[in-house]
Every structure is written in structure tokens, then in C-alpha cells.
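Start counting the sequence shown at 1; every next residue gets the next number (the UniProt record's numbering). One structure below.
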Amino acid sequence: YLLTAVLQATKSSNELPAEGDDFDYYSSFQGFQDVMAIEGRRCLHLMQSLMKHQNVKGNIAHSKQGVDFEEKLDILIDSNDQLLERVV
1 YLLTAVLQAT KSSNELPAEG DDFDYYSSFQ GFQDVMAIEG RRCLHLMQSL
51 MKHQNVKGNI AHSKQGVDFE EKLDILIDSN DQLLERVV
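Laid out in C-alpha cells, this is it:
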């Protein structure tokens, strides 16, 4: 079941317009911007739930307003490092 879900998620993400394709065109519409913002928050909350479930330190979804992409990426990298340290 998990593999099927991952494959479906990958397929769905590949169908989204990429930057440079039609993304610029679609992002000029408020409806598209709203959907992308909602889905972005949803992804962050899902990642936060996974981190909490695995007892990984970090707060990627509930961070203060204005946290930029680089800071969220650092949190994600630190979380992955914590998980990989458990494997080794």
C-alpha cells in the first residue's frame, strides 16, 4: 500500500507545472496561488507529523511566519540526518 501511495504521489507531483513550463502562467491566477499555498501547508504538516511520529527534533510546519525556504530546508536536512543516524 505504501509503495502505491508513493508512486501515486510521484505521478501527481510530476503532473504539476514546473517552474519555466506553464508554472509562471498558472501562478498568475489567484485560484492557483491559493491551491498551491494550501497544498504547501498540507505537505509541511504531513512532514511535521512524520517527524513527530519518529521522535525527530525540528519544527518545519509550525515555525514562525517569515521562515524562509532555506531555513525549512535546513530543518528537513537535520531531520533526515537524525533518521539516518539511527540506521547506522
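Ideal Cβ placement from N, Cα and C applies to all residues, glycine included. Computed from a predicted model, the values in this text were never measured in an experiment.
Query: Please determine if the segment 17 to 30 and the segment 44 to 59 are in contact, where contact requires at least 3 C-beta pairs separated by less than 8 angstroms.; Result: no
Query: What is the rounded straight-line gap between the Cα of L16 and the Cα of E39?; Result: 12 angstroms
Query: Could I get the ranges of all uninterrupted alpha helix (DSSP H) runs contained in the segment 45 to 85, with 4 residues as the minimum, in chain order?; Result: none
Query: At which residues does the alpha helix (DSSP H) containing L2 begin and terminate?; Result: 2 to 15
Query: Can you say whether I77 is buried or exposed, counting buried as having 16 or more other CB atoms within 10 angstroms of its CB?; Result: exposed
Query: Between F32, N59, K52, Q33, which lies nearest to I75 when the distance is taken from Cα to Cα?; Result: N59
Query: With D22 as the anchor, note down where its alpha helix (DSSP H) starts and where it stops.; Result: D22 -> no alpha helix (DSSP H), and no H or E assigned at all.
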